[in-house]
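**Q** One structure follows; several queries about it will come next.
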Amino acid sequence: MKKHQPALLLGVLGLLTSSLALAQNYQTMPIQSGFNEDVIANGIGTALSSTSAILDGDSYVFVAKNFQATATSPAITYGVPIDGIINSAVISTPGLSYQLGNLSTVNSLKLSNTNLTGTMVFTTPKAATKLYMLSTSGSAASTLTVTVNFTDATSQQITGIAVPDWYNGSGFAVQGLGRINRATDGLDAAGGTNPRMYQAALDIDVANQAKPIQSVTITKTSTSNGFPNVFAFSADAYSTCAPPVLQAATNITANGVTLNWTASSSSQATTYGVYYSVSSTAPTSSTAPILNNVSGVTTPVGGLMSNTTYYYWVRTNCGGTTAQSVWSFAGTFKTACGPMTSLSENFDSYATGTTLPDCWVRNFVNGTMSISSSTPASGTRNIYQTNTSTQTPSTVVLPEFSNINAGTHWLRLKARVSAATGTLNVGYVTNPTDPSTFVLLQALSIANTNYTSTNPQYTVIVPSSVPANARLAVRNTADGKGYYWDDVIWEPVPSCLPPTAVTPSAITANTATVSWAAPSSVPASGYEVYYSTTNTAPTFTTVLNATNSATSATTSALLNGLSAVTTYYVWVRSKCSATDVSEWSFSSTFTTECATVTAPFSQTFDNGALPNCWQNLNPTTTGTYAFWRFSGSPGYGVSTSFNGRTAGTYAWVDASSPYDGVHNVQLVTPFIDLTGLTQPYISFEWYKNHSSSSSTIIPSTFADNKLIVEVNNGNGWVSVFNDSSNSGQWRTVEIPLPSSYIGTTIQVRFTVDKDTAGNAYFYDDLLLDNIEVKQNPNLSTSEVASAKKDVKVYPNPFRDIINISELKDIKTIRVTDVAGRTLKTIENPTKEISLGSLNSGLYLITMYFKDGSQNTVKATKK
């Protein structure tokens, strides 16, 4: 049996690892004298008045963050820090910093081809193993020689020190300082990465490391036109006081440890200082020890946090002139797991695989028991367990709880199963590494296969009869199903329990009933219901009002004032008293029904999808081409080149297989209230051109599909249109409804009967658009338009050509026969209309105006 108990093992193994570098003894080297120019504009006032010279060979100086040309100038977000402290960005010298000179006076040793040399004297001479110089070069890179002068009158020369141009050089200690034109006060943020100051390391020879450094003489040796500017020095201070060497930490408990080291090799060593932290950042020379003046080479440390990684350092306290050593290399240890009083774990901070969180125990024989990324309840991880019926189920042991048998807490988690229904067992073990000590508390019946569609939360109240040394455990059932669980919480049982099984019902366009199951302890003050159109769970601070909530003394509530065709999310909580409410239940969701629309009603299909509240039905088949379509392009005789409209702007039925025997391709409107229409009227446009070619309008000889239009006012479907004819243009059908429909509520159904009489071909796509239910516009017909639109049609009777007297406001002309069939539609007509293709007889010529009105006149062809 494989067992996993990281609580103790990591606490021991972690101590053997030492990491990080020996802490350096970085110290600044304040400058007593040697600066010759002020090249940093700061404070209020012009750059010219704030500085003494330009930094480069052009016009610019550095700018400080507090610079303002005038008192009302906007503050800048970049610049030299006003405290003059530059923390080095060089990776190899963490913790190294520099102190600039006074920003309001000379603060740079500026050299040039006419001023090659300068000496900077340090305020306090210090011995060092290494000096660090902070500098930059304006207008071009420069090369320097630095002579280090010691207090014993000896010196060391370091040559070939490269100082890059203040733009775009590498090895910078700081970048993005910005600059300003000294003459014009023109600010330049320089993209946030320029100008720069650079760090140069100057190694002190071993023979000189014990000598205090009095000054440095800096000489420009390059002949370029660069202007080197030196701003500051820092040192890695020399010490004869050696740090101790750390040994492994011992006696690790949940709250304490013993730290050990070997004695310093320095004869001056007297005592030791100890510093520890949960951060791996090394202490500096100015960091005070947490434990100081420790005699001997070991010390106990208490008051630590359980299951926590700590880092520690020790330094030597010496007699003589050097008081302390540098800090030692870092040591590390991890405290043991200790009893917890609460827990909240979602596993997101752990990698997928077989390693459980710290202080958990994995008892595993076969099958799978891991942290998985497969659709967690929250975040990115959850626990996964599975075993076949012949395998041994795995047991996951939780951390130790000090209040395990208080009788006041419960375990709360979210769970799902790969196939309903499964059983997840929650119990306890008395030996965390021996799964045979498992005692069942509750077998959870897991019916949900996801964390979202139903309530995935389960709770187990732990009784006081549980042994004090018990550890809670979760065990799957060996049934071949996958068990997932997440968001594990150990907490006091709430005084007010939430309801469960929130279920909506009786949904209409504007109302819905929500019901739920009461908790084991029924709340004295009833329930509160919160609903929203966004799936954002309410909190204890969510404000409830008449527009987003309801209350109930029973286990159901009626929600009023909802919007039609809208998705709502709903939560319920118990109200045990005026001040004691439960957490909100898991959410449920519903969508309100469609509302009845009021005529006049119109519908285009410009959105390329089935409109809201329309029904796309076929009661006899589910085939791909047995339904109306709203996107894509039809073909052959109704292709875009023929029908003239953009794909996705009309509804259509594809004549593809099944080719015949599909009689019920149905598109049904919402309910339409005709109240207010004294002469109700239906109109629509359709296009059907049964051709086997996409380049000709010659009809195919095969049988045609049929369009059927029916109306239902509650007394059954009545056919008002039935046609299978073909035409090479869009046709408008106008259908006045009988007076029996006045004041009723109707639906209109458009049915395509795909029946090619056994001729299995696909040349007969059918298109539909611009459906209207409105007042009949054709209240009268006369040879002359109404006085409002005084437009004449002549000659009348006509032979082949008719003329329109006035075209100014006419958008479309439609020619129909007396049966209402559209024979010709002319968009943006001219004054002369050719109708030579018509047979002799009476025709209706309808003119549609830009303001939405229309006029119809009768015309006779000879």
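According to mature numbering (1 follows the signal peptide of the UniProt record, and there is no 0), the stretch in the sequence shown is residues -23 to -1, 1 to 839, in order. Note that the Cβ used here is the ideal one computed from N, Cα and C, for glycine as well. Just so you know, these numbers come straight off a predicted model, no measurement behind them.
Helix or strand or just coil, what does DSSP make of N620?
**A** DSSP places N620 in helix when its eight states are reduced to three.
**Q** Which same chain residues end up closer than 6 angstroms to P370 when comparing Cβ atoms and leaving out the 5 residues on each side of it in sequence?
**A** N364, R452, N453, A455, listed in sequence order.
**Q** Under 8 angstroms Cβ to Cβ from G457, same chain only, skipping five residues before and after it: list those, please.
**A** Counting only Cβ-Cβ distances below 8 angstroms, and skipping sequence neighbours, we find T363, N364, T365, S366.
**Q** I need the straight-line Cα distance from F826 to N805, nearest angstrom please.
**A** For F826 and N805, the distance between alpha carbons rounds to 10 angstroms.
**Q** For N126, which residues from the same chain have a beta carbon less than 6 angstroms from its beta carbon, with the 5 sequence-adjacent residues on both sides left out?
**A** Only S132, Q191, S192 meet the Cβ criterion.
**Q** Excluding sequence positions up to five away, which residues of its chain have a Cβ less than 7 angstroms from the Cβ of G34?
**A** The residues are G115, S116, N202, F204.
**Q** Going by C-alpha distance, which of V374, A494, A836 is nearest T775?
**A** The question names Thr, but residue 775 in the sequence shown is Phe. It is A836.
**Q** Mapping the DSSP letters down to three states, classify T194 as helix, strand or coil.
**A** Of the three classes helix, strand and coil, the one that applies to T194 here is strand, per DSSP.
**Q** So the candidates are Y508, S633, P611; which of them puts its Cα closest to the Cα of T601?
**A** Comparing Cα positions, the closest option is S633.
**Q** With distance defined between alpha-carbon atoms, name the residue in R726, K683, K665, S702 nearest to N689.
**A** Comparing Cα-Cα distances from N689 to each of R726, K683, K665, S702, the minimum goes to R726.
**Q** Who are the near neighbours of A18 in its chain, counting only those whose CB is closer than 6 angstroms to its CB and skipping five residues on each side?
**A** So the qualifying residues of the chain are A24, S27, T28, V38, V40, F44, I157.
**Q** Tell me, please, whether the region 499 to 506 touches the region 530 to 550 by the rule of three or more beta-carbon pairs shorter than 8 angstroms.
**A** In short, these stretches touch, since the Cβ pair count reaches three.
**Q** Is the number of C-beta pairs between the region 477 to 490 and the region 387 to 403 that are closer than 8 angstroms three or more?
**A** The region 477 to 490, when compared against the region 387 to 403, does not touch it at the 8 angstroms Cβ threshold.
**Q** If you run the structure through DSSP and keep just helix, strand and coil, what is S717?
**A** Correct three-state label for S717: helix.
**Q** How would you call A300, buried or exposed, if buried means at least 16 neighbouring beta carbons within 10 angstroms?
**A** Classification of A300: exposed, given that the 10 Å Cβ count is below 16.
**Q** Assuming S559 and C473 form a contact by the criterion Cβ under 8 angstroms, report the distance between their Cβ atoms to the nearest whole angstrom.
**A** Their Cβ separation, rounded to whole angstroms, is 4 angstroms, which keeps S559 and C473 in contact under 8 angstroms.
**Q** With distances taken Cα to Cα, identify the nearest neighbour of Y460 among G22, A424, S441, E662.
**A** The shortest Cα separation from Y460 among G22, A424, S441, E662 belongs to A424.
**Q** Only counting the same chain, and skipping five residues up and downstream in sequence, which positions put a Cβ closer than 7 angstroms to that of T239?
**A** So the list reads P221, V222, Q224, V274, once near-sequence residues are dropped.
**Q** Assign K311 to one of two classes, buried (16 or more other C-beta atoms within 10 Å of its C-beta) or exposed (fewer than that).
**A** K311 comes out buried.
**Q** Can you tell me whether Q9 is buried or exposed? The criterion is at least 16 other CB atoms within 10 Å of its CB, across all chains shown.
**A** So Q9 ends up on the exposed side.
**Q** What separation, rounded to the nearest whole angstrom, lies between the Cα atoms of V465 and T385?
**A** If you take the alpha carbons of V465 and T385, they lie about 17 angstroms apart.
**Q** Using a threshold of 8 angstroms, state whether the C-beta atoms of P433 and A392 are closer than that.
**A** Going by C-beta atoms, P433 is nearer than 8 angstroms to A392.
**Q** According to the neighbour-count rule (16 or more other Cβ atoms, all chains shown, within 10 Å of its Cβ), is D569 buried or exposed?
**A** Going by the sequence as given, residue 569 is Thr instead of Asp. That one is buried.
**Q** Helix, strand or coil: how does DSSP classify S564 here?
**A** Coil at S564, not helix or strand.
**Q** Tell me which residues share the same chain as E662 and place their Cβ nearer than 6 angstroms to its Cβ, disregarding the 5 neighbours each side in the sequence.
**A** Closer than 6 angstroms at the Cβ level, and outside the excluded window around E662, lie W707, T709, D746, N747.
**Q** Are the beta-carbon atoms belonging to N666 and V630 less than 8 angstroms from one another?
**A** Cβ distance not < 8 angstroms, so N666 and V630 don't count as in contact.
**Q** Give every residue of the same chain whose Cβ lies closer than 8 angstroms to the Cβ of T426, excluding the five residues on either side of it in the sequence, and list them in chain order.
**A** If we look at T426 and ignore the five residues flanking it on each side, its Cβ neighbours are R393, V394, S395, A396, A397.
**Q** Is it buried or exposed, S562, if we count other Cβ atoms within 10 angstroms and call 16 or more buried?
**A** S562 is buried by the Cβ-count criterion.
**Q** If distances are taken between C-alpha atoms only, which option among P71, N589, N84, T47 comes closest to I59?
**A** Looking at the Cα atoms, N84 is the closest of the given residues.
**Q** Is the separation between the beta-carbon of L86 and that of F12 shorter than 8 angstroms?
**A** Yes, Cβ-Cβ distance for L86 and F12 is below 8 angstroms.
**Q** Do G137 and A231 have their CB atoms nearer than 8 angstroms?
**A** Contact flag unset, no.
**Q** Hey, could you find the ends of the alpha helix (DSSP H) L421 is sitting in?
**A** Here L421 belongs to no alpha helix (DSSP H); instead the beta strand (DSSP E) covers 416 to 423.
**Q** Hey, how far is the Cα of V642 from the Cα of V686?
**A** Cα-Cα distance, rounded: 12 angstroms.
**Q** Assuming G612 and D742 make a contact with CB atoms under 8 angstroms, what is their CB distance in whole Å?
**A** Indeed, because the Cβ distance is near 7 angstroms, the residues count as touching under 8 angstroms.
**Q** Can you check which of these residues, A447, L388, I195, Y3, is closest to K103 by C-alpha distance?
**A** If we check each option's Cα against that of K103, Y3 comes out closest.
**Q** Pull up the distance between the alpha-carbon of V549 and that of S350, whole angstroms please.
**A** Approximately 30 angstroms between the Cα atoms of the pair.
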